[in-house]
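Visitor: The structure's right below; bear with me while I get my questions together.
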Amino acid sequence: MYATIGATVITTFPVATNQAILAIIPREGCDREYLSFCLQAHKAHLARLNVESTQKNINKGIVSSFAVPLPPLPEQKKIAHILSTVQRAIEAQERIIQTTTELFKTMLHQLMTAQIRVTERGYISGKFGKNHNANGWEVKPLGDILKLNYGKSLLAKNRIPGRIPVYGSNGIVGTHNTPMVDEPGLIVGRKGSAGQIWQSFGPFYPIDTTFYITKKDAPKIDLEFLYYLLLHLDLTRIIGDVGIPGLNREMAYLEEAYFPSKLSEQKKIALTLSTIQKKIDNTQSKKQKFQSLFRTLLHEMMTAKTRVHSLATVEGGAVWSKWIARNWCYWIFWKETGWASFRK
744 MYATIGATVI TTFPVATNQA ILAIIPREGC DREYLSFCLQ AHKAHLARLN
794 VESTQKNINK GIVSSFAVPL PPLPEQKKIA HILSTVQRAI EAQERIIQTT
844 TELFKTMLHQ LMTAQIRVTE RGYISGKFGK NHNANGWEVK PLGDILKLNY
894 GKSLLAKNRI PGRIPVYGSN GIVGTHNTPM VDEPGLIVGR KGSAGQIWQS
944 FGPFYPIDTT FYITKKDAPK IDLEFLYYLL LHLDLTRIIG DVGIPGLNRE
994 MAYLEEAYFP SKLSEQKKIA LTLSTIQKKI DNTQSKKQKF QSLFRTLLHE
1044 MMTAKTRVHS LATVEGGAVW SKWIARNWCY WIFWKETGWA SFRK
């Protein structure tokens, strides 16, 4: 009722709550999952009914007089089934993202410290000895293997919308019609989100809050491998903390980098990591689509714009339904007496 106004959760066991929680016990004829989704759909409306005080809140009286749509119980269950199916699909994508992200972090560390080596025969265990060169790896300061170039100012008002991404220290911040860099490259945050690393697969425009790197700036290093190497080094560790956070180029050049001498091994490492990263990106995209589907279904069902007539669940968790418009019944919920005041 306070900071998280309108947030709902279903309990499956006895609980004790404090005064910031309003317990709602649905009466006969009201499905609890349906009611939870219904309140979620009207969360913003409930929040607007808050009582102004030192901390915004809604009270029992506000919730008790809040009208909610209540179709027949079988339809409530069907609506809840549809929404919970999509919700489970979202949760499944989140679990995949979490697991795959942990895998990426582990592989990034082990591949960039040669604890795992990529060979023609596959992956093998291997650790640095005292002589790095004997392992086919080199240890050099960043200043010996790459050059950080300064980006160029391009105010938002001077940008002409086009197909060229404009990069700031926090990633893409707009577009322009002509590039500053006419080839793929890496972007390193210099001011603001200093130390952040971004990758452009085509021409781009890095503004003055960034450094940029192209192939000719790191001729002995595969550019995609360098992207992952810089992620591993985590240049955010060495940013200054006076005023606007900034990355000093000379300080960055002093960072020691460990990397395989052979471009072939660099490319294999980059391929391994990019494959995992693509899995994360694809799963993020699926999650966003399910979230969009959930928002649409929640709005359509809870505003009576569409009604469930029949449904079938298909592979991948997508839900397809046939809908038919009907009249809705409205009930008012009272905490003490349950559902009452039938209206048509």
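Residue numbers for the sequence shown follow the numbering used here, beginning at 744 and rising by one. Ideal Cβ positions, reconstructed from N, Cα and C, are used throughout, including at glycine. None of the values given here were measured: they were computed from a predicted structure.
Give me the DSSP bridge partner(s) of histidine 919.
Guide: Note: histidine 919 sits in a beta bridge opposite Ile907.
Visitor: When we look at the beta-carbon of valine 752 and count the other beta-carbons within 10 Å, is it buried (16 or more) or exposed?
Guide: When all chains shown are included, valine 752 counts as exposed.
Visitor: Work out the CA separation of isoleucine 930 and glycine 938 for me, nearest whole Å.
Guide: C-alpha separation (whole angstroms): 9 Å.
Visitor: DSSP three-state call for leucine 929: helix, strand or coil?
Guide: strand
Visitor: Return the chain-ordered list of same chain residues with a C-beta closer than 6 Å to the C-beta of valine 916, the five sequence neighbours on each side being excluded.
Guide: Hits under 6 Å: Val909.
Visitor: How is the beta strand (DSSP E) around lysine 958 delimited, first residue to last?
Guide: Element bounds for lysine 958: n/a, residue is neither H nor E.
Visitor: Are there 16 or more other CB atoms within 10 angstroms of the CB of lysine 873, so buried, or fewer, so exposed?
Guide: Because the pLDDT at lysine 873 is just 45, under 50, the model does not fix this residue reliably, and the value given afterwards should be weighed accordingly. Lysine 873 should be labelled exposed.
Visitor: When the Cα atoms are used, what is the spatial distance from alanine 1000 to glycine 932?
Guide: 19 Å
Visitor: So, for isoleucine 839: in the same chain, excluding its five sequence neighbours on each side, which residues have a beta-carbon less than 6 Å away from its beta-carbon?
Guide: Thr1026
Visitor: Based on the DSSP output, what are the partners of arginine 992 in its beta bridges?
Guide: Arginine 992 is not bridged to any residue.
Visitor: In chain order, what are the residue ranges of uninterrupted alpha helix (DSSP H) at least 4 long that sit wholly in the stretch 991 to 1027?
Guide: Here the runs fully enclosed are 992 to 996.
Visitor: What are the start and end residues of the beta strand (DSSP E) that includes glycine 712?
Guide: Residue 712 lies beyond the stretch modelled for the chain, which goes from 744 to 1087, so this question has no answer here.
Visitor: Do you know offhand how far threonine 755's Cα is from histidine 824's?
Guide: 17 Å
Visitor: When you compare only the Cα positions, how much space is there between lysine 820 and serine 1028?
Guide: 29 Å
Visitor: Quick check: what's the CA-CA separation for proline 757 versus threonine 843?
Guide: 35 Å
Visitor: Is it true that the stretch 884 to 898 meets the stretch 988 to 1005, where meeting means three or more beta-carbon pairs spaced less than 8 Å apart?
Guide: yes
Visitor: May I ask which residues mark the beginning and end of the beta strand (DSSP E) holding glutamate 771?
Guide: Premise fails: glutamate 771 is in no beta strand (DSSP E) and is neither H nor E.
Visitor: Short of 6 Å in beta carbon distance, which residues of its chain neighbour methionine 923, apart from the five on each side in sequence? Order them along the chain.
Guide: Lys895, Tyr948
Visitor: Could you give the first and the last residue of the continuous beta strand (DSSP E) run that contains threonine 862?
Guide: In the DSSP assignment, threonine 862 falls within the unbroken beta strand (DSSP E) covering 859 to 862.
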